[in-house]
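Chemist: Chains A and B, in that order, give the protein sequences. Every letter in the first sequence is one number past the one before it in my numbering, and letter 32, counting from 1, is 36. Every letter in the second sequence is one number past the one before it in my numbering, and letter 63, counting from 1, is 77. Every residue, glycine too, gets a C-beta built ideally from N, C-alpha and C. This one's a predicted model, so the numbers in the text were calculated from it and none came from an experiment.
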Amino acid sequence: MTMRDVYVIGIGITSFTRLEFPLSEIAAYPAMMAMKDAGTREIDHLYVANMGGGRVNHQTGLASAVVDTLSLTPAGAETIENGPASGGSAVKTGYMAVASGLHDVVMVTGAERMREVNNLDATDFVATLTHPIAEHIYGVTLPSLAAMFTRLYMEKYGVTERHLAMVAVKNQNAALLNEFAHLHQKISIEGILDSPEAMTNNPYVAEPLRFFDCCPVSDGGACVILASEEAAGKVGRPLVKLAGVGQATDTHAVHEREDPTDLLAVRRAAAMAFERAGLTPADVDVAELHDAFTILEIVESEECGFFPKGEGHLALERGETALGGKLPINVSGGLKGRGHPVGATGLAQVYEIVHQLRGEAGERQVKDARIGFTCNFGGFGNNVVCLAFTREN
Amino acid sequence: MPRDIYAYKCRKCGHVHYPYRMVCKNCGENEHNEFEPVPLPKEGTLLTFTTLYSLPPDFEVPSLGLAIVALTNGITVTGQHRIDEPETGMAIRGEVEIVRRDGYDEHYGMVFYKA
Numbered sequence: 005m006t007m008r009d010v011y012v013i014g015i016g017i018t019s020f021t022r023l024e025f026p027l028s029e030i031a032a033y034p035a036m037m038a039m040k041d042a043g044t045r046e047i048d049h050l051y052v053a054n055m056g057g058g059r060v061n062h063q064t065g066l067a068s069a070v071v072d073t074l075s076l077t078p079a080g081a082e083t084i085e086n087g088p089a090s091g092g093s094a095v096k097t098g099y100m101a102v103a104s105g106l107h108d109v110v111m112v113t114g115a116e117r118m119r120e121v122n123n124l125d126a127t128d129f130v131a132t133l134t135h136p137i138a139e140h141i142y143g144v145t146l147p148s149l150a151a152m153f154t155r156l157y158m159e160k161y162g163v164t165e166r167h168l169a170m171v172a173v174k175n176q177n178a179a180l181l182n183e184f185a186h187l188h189q190k191i192s193i194e195g196i197l198d199s200p201e202a203m204t205n206n207p208y209v210a211e212p213l214r215f216f217d218c219c220p221v222s223d224g225g226a227c228v229i230l231a232s233e234e235a236a237g238k239v240g241r242p243l244v245k246l247a248g249v250g251q252a253t254d255t256h257a258v259h260e261r262e263d264p265t266d267l268l269a270v271r272r273a274a275a276m277a278f279e280r281a282g283l284t285p286a287d288v289d290v291a292e293l294h295d296a297f298t299i300l301e302i303v304e305s306e307e308c309g310f311f312p313k314g315e316g317h318l319a320l321e322r323g324e325t326a327l328g329g330k331l332p333i334n335v336s337g338g339l340k341g342r343g344h345p346v347g348a349t350g351l352a353q354v355y356e357i358v359h360q361l362r363g364e365a366g367e368r369q370v371k372d373a374r375i376g377f378t379c380n381f382g383g384f385g386n387n388v389v390c391l392a393f394t395r396e397n
Numbered sequence: 015m016p017r018d019i020y021a022y023k024c025r026k027c028g029h030v031h032y033p034y035r036m037v038c039k040n041c042g043e044n045e046h047n048e049f050e051p052v053p054l055p056k057e058g059t060l061l062t063f064t065t066l067y068s069l070p071p072d073f074e075v076p077s078l079g080l081a082i083v084a085l086t087n088g089i090t091v092t093g094q095h096r097i098d099e100p101e102t103g104m105a106i107r108g109e110v111e112i113v114r115r116d117g118y119d120e121h122y123g124m125v126f127y128k129a
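(1) Buried or exposed for A:Thr154, going by 16 or more other Cβ atoms inside 10 Å?
(2) Residues bridged to A:Leu415 by DSSP?
(3) Give me the chain A residues within the contact set of B:Thr102, using Cβ-Cβ distance strictly less than 9 angstroms, ordered along the chain.
(4) Across which residues does DSSP place A:Thr113 in a beta bridge pair?
(5) Does the stretch 344-360 of chain A come into contact with the stretch 51-67 of chain A, if we say contact requires no fewer than three beta-carbon pairs (one atom in each stretch) closer than 8 angstroms?
(6) Are the beta-carbon atoms of A:Gly65 and A:Thr83 separated by less than 9 angstroms?
(7) In this structure, how does DSSP classify B:Met124 when only helix, strand and coil are distinguished?
(8) Closer than 7 angstroms, Cβ to Cβ, to anything on chain B: give me those residues from the stretch 322-351 of chain A, in chain order.
(9) Is the CB of B:Ile97 under 9 angstroms away from at least one CB in chain A?
(10) Could you name the residues of the same chain whose beta carbon sits closer than 7 angstroms to that of A:Ala101, not counting the 5 residues immediately before and after it, in chain order?
(11) What in chain A is Cβ-close to B:Val113, meaning under 8 angstroms?
(12) For A:Glu367, go through chain B and note every residue whose CB falls closer than 8 angstroms to its CB, in chain order.
(13) In whole angstroms, what is the alpha-carbon distance linking A:Ser93 and B:Ile19?
(14) What separation, rounded to the nearest whole angstrom, lies between the Cα atoms of A:Gln360 and A:Cys227?
(15) Is there a Cβ from chain B that is less than 9 angstroms from the Cβ of A:Leu213?
(16) Using a Cβ-Cβ cut-off of less than 8 angstroms, list which residues of the stretch 48-81 of chain B approach chain A; keep chain order.
(17) With distances taken between CB atoms, is the gap from A:Pro147 to A:Leu213 smaller than 9 angstroms?
(18) Is the beta carbon of A:Val258 closer than 9 angstroms to that of B:Thr92?
(19) Can you tell me whether A:Asp217 is buried or exposed? The criterion is at least 16 other CB atoms within 10 Å of its CB, across all chains shown.
(20) Using three-state DSSP, classify A:Phe184 as helix, strand or coil.
(21) List, in chain order, every chain A residue whose beta-carbon is nearer than 7 angstroms to that of B:Gly93.
(22) Determine the chain A residues that contact B:Thr190 at a beta-carbon separation under 7 angstroms, and present them in chain order.
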C-alpha cells in the first residue's frame, strides 16, 4: 500500500500558565487559532490528546466535548491518552489517518489543566504512570526516577550539576522570547548554583535534581491541522511536511532496563523517524526535545543521534545547542521554560517546529531552518514518539 | 510469618522476572500464569538512589530515600532506603515492611539498609 504525504497546514497554541477555563475550552482555543491559520473549517476528523482529564478535571470523553464546543459535529473525534507522549501519539495517529487516505484534513489538538489541583497532587497524578506494584507504592515520582537516572549518568559520563544548571539557564532564558511560555523569569548560574543563596533559591527536589532542573506544572493547549497534498495546496501557507514518524516502547519498570543509562525507546523512535523521512540527525536545523528534567535534554540529544553517547553535555558546554549554535535545541524554552501541560506538550513541540520552518519565529528564529525534529517522551522513557519535519517550498 | 516479595520464574525457560508479566520476556511462552513465584533474595548492592523532598500527599515525612538495587540473583528492584550516607556499589540488605499507607490500605514493599 502506498502512503500519501502529509502536511501541516495550520497551528495554534494557548499561553502555558494557570488557565481558569474548562479543559474543553483549553483544547478548543488553539484549534480555533489553527483553523484561522489554515483558513479552513473543513475538518474531517479530530484527535484530542489529553492525559488527566478524567482524574484531575472530572472530564472524560474529552474529544466529544471539544468537537461540539467547536461546532464541528458530526466529524468523528476521539481522545488519545498516552501519558506525557499523548501529543506525539495523537499527531502520529492523525498522520496515519491522512497518509492512509482515510481522511484529507484532520485536526490534532492537545490540552491539559493540571493547576486545578495543587502541585503535590499534580505530581502524584503523573506518578500514576509508574508501575503500580514495583514503583508507585514506594512513593516513586517522575522526579525521583529522573534523579536516580541522573546519578548514574553523572558517575558514568562526568555530567555535573553545573551542566544541568546550564540547560536550565539556556531553556528558561530562551522562554523570555516566547510570549506563550509559562516562565518569564530570567535566571543565572550564579543565582541557582554558585551564590550563597543558591540552596534557598534552588533546593533539591530529588537529589541530585534541584527545583530549577524540573519543568513547571502548567495548563495549556496546542493544535496542528494535518492535510493531504491536495488539501494543503489550497492553503496559501508555507508548506511544511510531516516527513517521518517513529515510536518505540521500553520496560514499564525502569529498574528492569539492561543498561540503566540507556534510553532505548528514544534511540529506536528517533532512528525510525529519520529512516522514514530519509534524513539523518546531521540534517536537522532545529529540535524540540522533551526536557521535563534538564538531564533529559542532554541524554535525548545523544540518543536521537545528534551527538555521540556521553557527549551531549560537552556539546552543551560548547554552546552548540543554544540559539545561534550548530543545532539549537528548545529555542521555545522547552518543557522547562514553556511549561509542561502533559497532553499538550507533544503538540507544542510541533507548533514550535512548524513556526520555525515557516520562518515566522521572530526574535527566536533559527536562521534558514528547513528541517526540524521533535522527541516526545512518555513515562520515564517507556513510550516515546519522534517526528521529523521538512520545509517544502 | 515473614513476608516476601516474589519474582516470577518462567516454567519453560527459567527466566526470572520482576515485576510480574503475563508473557515471558525471554521465550515468549504464551500460556497464562506459567510462572513459579520465587522469593526475592534479601542481599544485594546499591545501583542508584535519591532522596525525594517533594513527596506524594499520603507520605507524612519530610523526605524519603528511594533506591534501585541489584540483588544477589541478578534481579534489580526499586525500593525505599534508610541509609544515612548511601553510596553506589555499597552492600545492602533488604527487609519487607510497610512502605505506604493509602487510606485504610497498607502496602508492603522492600526497604534497604546498610548490610
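Modeler: The short version:
(1) With 16 or more neighbouring CB atoms inside 10 Å of its own CB, A:Thr154 falls in the buried class.
(2) With chain A running from 5 to 397 in the structure shown, residue 415 of chain A is simply not present.
(3) The contacting residues are Arg155, Leu156, Glu159.
(4) Its beta-bridge partners are A:Val52, A:Cys227.
(5) Touching, yes.
(6) It is a contact, given that the beta carbons lie within the stated cut-off.
(7) Here B:Met124 sits in strand by DSSP.
(8) Cβ contacts with chain B: none found.
(9) No, B:Ile97 lies away from the interface with chain A (no Cβ there is under 9 angstroms from its Cβ).
(10) In its chain, beyond the 5 residues on either side, His49, His107, Val110 have a beta carbon closer than 7 angstroms to the beta carbon of A:Ala101.
(11) Within 8 angstroms Cβ-Cβ: Ile141, Tyr142, Gly143.
(12) Under the 8 angstroms cutoff, chain B gives no residues; its nearest Cβ is about 34 angstroms from A:Glu367.
(13) The straight-line gap from Cα to Cα measures roughly 35 angstroms.
(14) About 16 angstroms.
(15) Put simply, the CB of A:Leu213 is near chain B, with a gap under 9 angstroms to one of its CB atoms.
(16) For chain A, the residues of the stretch 48-81 of chain B that bring a beta carbon within less than 8 angstroms of one of its beta carbons are Leu61, Thr62, Phe63, Thr64, Thr65, Leu66, Tyr67, Ser68, Leu69, Pro70, Pro71, Phe73, Leu78, Leu80, Ala81, in chain order.
(17) Between A:Pro147 and A:Leu213, the CB-CB gap stays under 9 angstroms.
(18) Yes; because the gap between Cβ atoms is below 9 angstroms, this pair is in contact.
(19) A:Asp217 counts as buried, since no fewer than 16 other beta carbons sit within 10 angstroms of its beta carbon.
(20) Note: A:Phe184 maps to coil in three-state DSSP.
(21) Those within 7 angstroms of B:Gly93 in chain A are Tyr142.
(22) Residue coverage of chain B in this structure runs from 15 to 129, which leaves residue 190 of chain B outside it and unanswerable.
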